[in-house]
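**Student:**
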Amino acid sequence: MRGGGVFAGELFGRGREEPADGVVLVPGWLGVAEQRELVAACREWARPPAGMRSVVLPGGGAMSVRTVSLGWHWYPYGYARTVVDGDGAPVKPFPEVLGGLARRAVAQAYGERVGEVAGAAGFAPDIAVVNHYPHGARMGLHQDREERVNAPVVSLSLGDECVFRLGNTETRTRPWTDLRLCGGDLLVFGGESRFAYHGVVRTLPGTADPELGLTGRLNITVRQSGLA
147 MRGGGVFAGE LFGRGREEPA DGVVLVPGWL GVAEQRELVA ACREWARPPA GMRSVVLPGG
207 GAMSVRTVSL GWHWYPYGYA RTVVDGDGAP VKPFPEVLGG LARRAVAQAY GERVGEVAGA
267 AGFAPDIAVV NHYPHGARMG LHQDREERVN APVVSLSLGD ECVFRLGNTE TRTRPWTDLR
327 LCGGDLLVFG GESRFAYHGV VRTLPGTADP ELGLTGRLNI TVRQSGLA
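The numbering used here puts the first residue of the sequence shown at 147, with every later residue one more than the last.
#1: Excluding the 5 residues preceding and the 5 following Arg148 in the sequence, name in chain order all residues of the same chain whose CB lies nearer than 8 Å to its CB.
#2: If the criterion is Cβ atoms closer than 8 Å, does the pair Leu171 and Leu333 meet it?
#3: Between the Cα of Ser371 and the Cα atoms of Asp290, Ala255 and Gly161, which residue gives the shortest distance?
#4: Nearest to Arg162 by alpha carbon, out of Ala255, Ala192 and Pro194?
#5: DSSP three-state call for Gly305: helix, strand or coil?
#6: Do the stretch 227-240 and the stretch 193-200 touch if we need at least three Cβ pairs shorter than 8 Å?
#7: Considering only the alpha carbon of each residue, which of Arg227, Gly174 and Thr349 lies closest to Leu373?
#8: For Pro239, count the other beta carbons within 10 Å of its own beta carbon; 16 or more makes it buried, fewer makes it exposed. Which is it?
#9: Can Ser420 and Asp167 be called in contact, C-beta distance under 8 Å?
#10: Are Gly313 and His278 closer than 8 Å when you measure CB to CB?
#11: Do the CB positions of Asn296 and Ala264 come within less than 8 Å of each other?
#12: Look at Val275 and Trp191 and say whether their C-beta atoms are less than 8 Å apart.
#13: Could you tell me the alpha carbon to alpha carbon distance between Asn365 and Leu350, rounded to whole angstroms?
#14: On the DSSP letters alone, give me the boundaries of the alpha helix (DSSP H) that Val252 sits inside.
#15: Look up Glu293 in the DSSP assignment and say whether it is helix, strand or coil.
#16: According to DSSP, is Leu332 helix, strand or coil?
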């Protein structure tokens, strides 16, 4: 259901979903052990130099999430090899552990259709953006358009559940679908939906698996830049 404020997860259960063309949600794709390893890795990536920071938008407002980039540094609205809007340090390298996970994610999400989705068959990720959502943080509807290719985006959720809003490719207004993303979930969007507006309406505090020792939500998005 689109634009009705009802979670797709509530309608269809916690099975695999394809809420739009090119979008695949696989609940529980990461096991608890894998999630713990990624949380520990995120803590290391978040350390300075080139560590986690609050992003200031061109209009002067600060995003409520905190962000660290790997491979290429994302800033509004482009990529650089150094933290041009922070401490100026060289960006941390893109970790192969994320490259392997992302390639596997795309292959499993699209299966036999992988050759039909632009950039999926030869997916070569080289960027990761890690966002930490403390309690109360959100992210407005936006498009991921700084990359020079239209290869899929891989999104991994850790910690608190959230309401993820998947919009359309034309405007920030309806139609949209609200999805429930939980810790361990995989979301891949590509093809016709690669440039769909999307964002996080709210997080649900206290819903993280206590085994992770994580407060809030971590989201890791893995992308192919086309910059090399």
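C-beta atoms are modelled at their ideal positions from N, C-alpha and C, and glycine is treated no differently. Note that this is a predicted model, so its numbers are computed, not measured.
**Tutor:** According to the data block:
#1: Any answer about Arg148 is weak, because its pLDDT of 30 lies below 50 and its placement is not dependable; what the coordinates show is given next. Around Arg148: Arg320, Pro321, Trp322 and Thr323.
#2: yes
#3: Asp290
#4: Ala255
#5: strand
#6: yes
#7: Arg227
#8: exposed
#9: No statement about residue 420 is possible, as the shown extent of the chain runs from 147 to 374 and does not include it.
#10: no
#11: yes
#12: no
#13: 14 Å
#14: Glu242 to Tyr256
#15: coil
#16: strand
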